[in-house]
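For reference, the structure discussed in these notes is given below.
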Amino acid sequence: MLAIVGSGVLWWLLGQVVAGRVTKRPVVGWREWLREFFVVGLGLWIGAAGGLLLGVLVLGIF
């Protein structure tokens, strides 16, 4: 349950960061918001995968 809540909070914060980055421009739409969300979200996924890979290597499981 804690993981679900934590994940929801993380993705909500990510959306807020993206909204802040997009609204710096005078005229924006959903296309610009989705592009920024994809870029920031991709960084989040790469970081999560890297953390898991590092954990596997440190624990000697793989």
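Per the working numbering: the sequence shown ends with 1216, consecutive numbering throughout.
Backbone N, C-alpha and C fix where the C-beta goes; we use that ideal spot for every residue, glycine too.
Fair warning: this is a prediction, and the values are worked out from it, not measured in the lab.
Heavy atom of the ligand PLP within 7 Å of residue i beta-carbon
i            : result
residue 1200 : The model on display carries no ligand, and the ligand PLP is accordingly not part of it.
DSSP-derived helix/strand/coil call for residue i
i            : result
residue 1176 : helix
residue 1163 : helix
residue 1181 : coil
Residue i versus residue j - alpha carbon distance
i            : j            : result
residue 1179 : residue 1155 : 38 Å
residue 1197 : residue 1182 : 22 Å
residue 1172 : residue 1184 : 11 Å
Same chain, Cβ closer than 8 Å to residue i, five either side skipped, listed in chain order
i            : result
residue 1167 : none
Element boundaries [alpha helix (DSSP H), containing residue i]
i            : result
residue 1200 : 1184–1213
Spatial neighbours of residue i in its chain, beta-carbon cut-off 7 Å, leaving aside the 5 residues before and after
i            : result
residue 1175 : 1190
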